[in-house]
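Student: Following this note's numbering, the numbering of the sequence shown begins with 297 at its first residue and continues without gaps.
Here it is, the structure, as structure tokens.
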Amino acid sequence: MSNTATDREEFTDSNLYAFDAWARVYDQQANPLIELEKRFLSCVIPDIDGKDILDVGCGTGRWLERLVRFGSARSVCGVDNSSEMLAVARRKHLDNTLLLKANLPHLPINTASIDFALASFVLSYIPEIGFFAQELTRTLRRSGELFLTDMHPETAIELGWKRGFHSSQGPVRLDARPHSLASIITAMADHGLRLASLYEPSFGEPERCIFRSKGKEAEYRRAAGRPAIYILHFIRESVESGAPELILSDARCVLGPQESVVADIAIRRDEITINTAKPLDTACDEIDLSGYSLFPGLINAHDHLEFALFPRLGDPPYKNATEWALEIQRRYSREIDLHKQVPKDVRLWWGGLRNILCGVTTVCHHNPLHPVFDDHRFPINVVKGFGWEHSLRFATNLEGAHRQSTISQPFILHACEGIDSAAVNEFEELEALRLVDERLVLVHGTALTPLNTQRLNQQGASLIICPSSNDYLFSRFPSLQQLLSVERLAIGSDSSLTATGDLLDEIGFCHEQIGLSAQTIYDSVTRLPARILRLKSGQGRIGPHSPADLFAVRTTALDPATLLSSISWRDVELVMVRGVVRLASPEILPRLPYKSRWNLACISIDGLSRWIDAPLRDLFTSAAEVLGVSNLFLNGRRLSMSEV
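And the structure:
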């Protein structure tokens with residue numbers, strides 16, 4: 297149920313009649329509180345695939361529409377007191393959705409039948425929250441999750457916000473009773489619902505536009521910097537989850553491309569919880585991250601880790617990737633053979649370090665998996681659940697490899713990599729082999745035509761781009777128009793053989809050379825590659841059940857997506873993977889607890905020191921024995937062991 301923060305006319309006698317009247321205009325009236333909730337709650341809702349979903353106080357189906365799109369829920373149910381609100385929701389013909397008339401706080405839902413429940417702007421209309429908490433607990437299964445959102449009670453009282461809307465007969469007030477956060481949390485805890493996270497976001501630029509359109513920018517300025525809403529996340533658990541192992545305090549926590557909150561983050565069993573209000577239990581170790589923005593670890597959708605120490609090879613331009621591959625094998629065979637004398641596990645380690653330096657915590661390695669990836673100290677997560685072949689030209693058994701990959705796994709292939717007819721025709725060859733389906737993930741796609749892209753989208757296939765490699769090899773890269781037409785897009789760094797640098801360099805190329813928006817880029821290295829690669833552990837986000845895969849850079853006035861598009865590896869000062877500090881700058885190092893420092897060693901990259909959790913001395917020596925100390929470069933950046 298939505299709210300108007302600035303209306304102060306008289307209340308009507310009955311909320312029920314008011315909600316029925318509101319249904320006629322509910323979806324047409326812009327509301328800054330609703331916009332703020334949509335932005336932030338969309339960032340933190342967990343994976344709902346295969347779950348039974350309940351929207352309490354669903355109104356016209358505002359959240360039901362989004363929940364249906366978020367994933368493949370087993371069932372979706374909305375309940376509301378207002379028949380007219382439900383009638384509007386029914387006219388939206390939401391798939392796999394049941395709509396029920398309710399008499400809240402009573403819930404017409406079977407006991408222990410729900411995995412995920414949402415009550416959006418509902419709680420203030422329920423006088424007795426204890427019984428409502430009891431009903432929510434009854435309907436939730438063990439480990440079921442509940443999200444509660446509403447106007448922030450403290451700010452609402454301080455600024456005199458009232459509940460209401462405008463009908464054709466004039467302004468209408470709603471009778472509402474704001475509950476304090478403490479009373480809500482206590483009531484839920486009394487009925488077995490543990491607080492997992494608390495978010496208290498303030499209005500941002502999207503909401504300011506709504507205030508401005510209503511001629512109420514002065515109201516926006518009064519509310520600026522104050523928490524406008526709350527989002528409470530609870531989990532139904534029978535036992536306490538235990539104390540946190542580490543707290544990251546006072547970080548600006550990035551939840552989405554424009555969404556961030558200053559919060560304390562507790563790491564417990566490699567997962568995170570977020571609290572923006574009261575200090576978390578500090579009996580455990582703590583890292584003070586005041587002045588830093590904490591991003592979800594980036595997902596590098598395409599790399600060949602074993603080539604990180606290689607220089608760029610080739611004499612471009614070329615017509616297609618096959619021409620380049622054959623030529624470097626012929627012209628640069630001595631240099632290739634020399635680099636291959638460095639043990640493969642060592643080269644793979646350097647590939648992992650190439651990624652950790654730029655904030656990547658998960659990488660898709662397009663080559664056979666190696667036992668070194670299972671080493672608990674290997675610096676990054678390497679994606680394992682996918683099928684692949686190199687390309688149409690170098691595949692040994694393309695159709696067989698495709699058949700062997702399961703329907704739930706992506707199938708990844710270099711394709712349409714070039715600018716000649718051979719590259720252009722590859723998409724039709726794939727269609728003739730019946731390989732273009734929802735599992736297919738093409739890498740590069742430089743030669744895709746608009747019709748190819750349309751077919752790609754229709755079949756549910758995806759595209760990973762590495763445009764600096766395309767620019768190097770072919771003096772051409774995908775156009776902005778082409779990329780905006782792709783529905784499932786991710787960005788990869790490719791290898792040092794062809795790329796400008798690392799994933800952050802690729803991000804900069806996409807932003808500056810192609811013109812991709814910062815928001816599109818943010819999604820293409822976080823949320824979208826997680827979906828394309830079918831990662832199910834919450835990678836690419838900071839929210840419920842997401843892993844403690846994080847990186848930190850200094851906070852600026854820029855929004856998160858714009859900040860991400862403007863930084864380089866030199867700006868990355870802290871990286872954590874699975875809750876373990878893997879990289880720290882000299883400035884961050886003194887802030888770390890002792891046990892987070894004891895495995896760190898110092899290395900210099902182009903004169904910049906970084907402390908990294910890796911056997912650096914052994915890795916450096918193994919590579920230097922083959923290539924020579926003066927010839928050690930990572931992404932073309934000189935490596936040297938620090939004497940610190």
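Every residue gets a Cβ at the ideal spot worked out from N, C-alpha and C, and that includes glycine.
Please read these numbers as outputs of a predicted model, since none were measured by experiment.
Does the beta-carbon distance from Leu444 to Ala415 come in below 8 Å?
Tutor: Contact flag set, yes.
Student: Can you give the beta carbon distance from Ser420 to Pro474, rounded, assuming they're within the 8 Å contact cut?
Tutor: Confirmed, Cβ separation roughly 5 Å.
Student: Would you report the Cα separation of Leu470 and Pro449, rounded to the nearest angstrom?
Tutor: Going from the Cα of Leu470 to the Cα of Pro449 covers about 16 Å.
Student: What is the DSSP secondary structure of Gly466, reduced to helix, strand or coil?
Tutor: If DSSP states are grouped into helix, strand and coil, Gly466 belongs with the strands.
Student: Let me know the secondary structure DSSP gives Ile563 once reduced to three states.
Tutor: Here Ile563 sits in strand by DSSP.
Student: Considering Ile848, what are the terminal residues of the beta strand (DSSP E) in which it resides?
Tutor: Residue 848 is actually Ala in this sequence, not Ile. Its beta strand (DSSP E) spans residues Leu846 to Arg850.
Student: Cα-Cα, which of Ala429, Arg517 and Arg518 is closest to Arg490?
Tutor: Checking every option, the nearest Cα to that of Arg490 belongs to Ala429.
Student: Could you name the residues of the same chain whose beta carbon sits closer than 6 Å to that of Lys334, not counting the 5 residues immediately before and after it, in chain order?
Tutor: Cβ within range, chain order: n/a, list empty.
Student: Going straight from the alpha carbon of Trp907 to that of Phe315, what length do you get?
Tutor: Answer to the nearest angstrom: the Cα atoms are 58 Å apart.
Student: Going by DSSP in three states, Pro592 sits in which element: helix, strand or coil?
Tutor: Reduced to three states, the DSSP call for Pro592 is strand.
Student: When you compare only the Cα positions, how much space is there between Met937 and Cys898?
Tutor: Using only the alpha carbons, I get a separation of about 7 Å.
Student: Can you tell me where the beta strand (DSSP E) with His529 in it begins and where it stops?
Tutor: Unbroken beta strand (DSSP E) run through His529: Ile525 to Arg532.
Student: Am I right that Gly797 and Asn931 are in contact with their C-beta atoms under 8 Å? What's the rounded C-beta distance?
Tutor: Gly797 to Asn931, Cβ: 5 Å. Contact.
Student: With respect to the alpha helix (DSSP H) encompassing Ala383, which residues constitute its N-terminal and C-terminal limits?
Tutor: Ala383 -> alpha helix (DSSP H) spans Ser379 to Arg386.
Student: Just confirm the distance between the C-beta atoms of Ser758 and Ala786, as a whole number of angstroms; I'd bet it's less than 8 Å.
Tutor: Between Ala786 and Ser758 the Cβ distance is about 7 Å, and since that is below 8 Å, they are a contact.
Student: Identify whether His698 lies in helix, strand or coil by the three-state DSSP scheme.
Tutor: His698: helix per DSSP, three-state reduction.
Student: Name the one or two DSSP bridge partners that Trp907 has.
Tutor: For Trp907, which the question treats as bridged, DSSP gives the partners Ala880 and Cys898.
Student: Apply the 10 Å Cβ neighbour rule to Leu363 and answer buried if 16 or more other Cβ atoms are within range, or exposed otherwise.
Tutor: Leu363 is buried by the Cβ-count criterion.
Student: With respect to the alpha helix (DSSP H) encompassing Trp684, which residues constitute its N-terminal and C-terminal limits?
Tutor: Taken as a continuous stretch (DSSP letters only), Trp684 belongs to no alpha helix (DSSP H), being part of the beta strand (DSSP E) at Gly683 to Ser687.
Student: Could you pull the DSSP bridge partners for Val550 from this structure?
Tutor: DSSP output for Val550 lists Ser556 as bridge partner(s).
Student: Nearest by alpha-carbon distance to Arg358: which of Leu390, Cys339 and Pro342 is it?
Tutor: If we check each option's Cα against that of Arg358, Leu390 comes out closest.
Student: Starting from the Cα of Leu779, find the closest Cα among Ser792, Ser789 and Ile760 and give me that residue.
Tutor: Ranking the options by Cα distance to Leu779, first place goes to Ile760.
Student: Whole angstroms is fine: what's the gap from Thr300's alpha carbon to Glu567's?
Tutor: Annotation note: pLDDT 45 at Thr300 (below 50); position unreliable, coordinate value reported separately. Approximately 36 Å, taken between the alpha carbons.
Student: Classify Asn693 as buried or exposed, calling it buried when 16 or more other Cβ atoms lie within 10 Å of its own Cβ.
Tutor: By the neighbour-count rule (16 or more Cβ atoms within 10 Å), Asn693 is not buried but exposed.
Student: For Phe499, collect the residues of the same chain with a Cβ closer than 7 Å to its Cβ; drop the 5 residues on either side in sequence, then sort them by chain order.
Tutor: Cβ within range, chain order: Pro328, Leu332, Tyr516, Ala519, Ala520 and Ala524.
Student: Say the cut is 7 Å; is the CB of Cys549 nearer than that to a heavy atom of the ligand NAD?
Tutor: Ligands are entirely absent from the displayed structure, and the ligand NAD is therefore not among its contents.
Student: Write down every uninterrupted run of the alpha helix (DSSP H) in the region 792-858 whose length is 4 residues or greater and which is fully enclosed by it, in chain order.
Tutor: Listed in chain order, they are 799-805, 814-820 and 823-828.
Student: With a threshold of 16 other CB atoms inside 10 Å of the CB of Gly903, please say whether the residue is buried or exposed.
Tutor: Exposed.
Student: Grab the span of the alpha helix (DSSP H) containing Glu424 for me, first residue to last.
Tutor: Unbroken run through Glu424: none, as it is neither H nor E.
Student: Counting only runs that start and end within the region 490-519, where is the alpha helix (DSSP H) found for 4 or more residues in a row?
Tutor: Within the region 490-519, the complete alpha helix (DSSP H) runs of at least 4 residues are 501-509 and 513-519.
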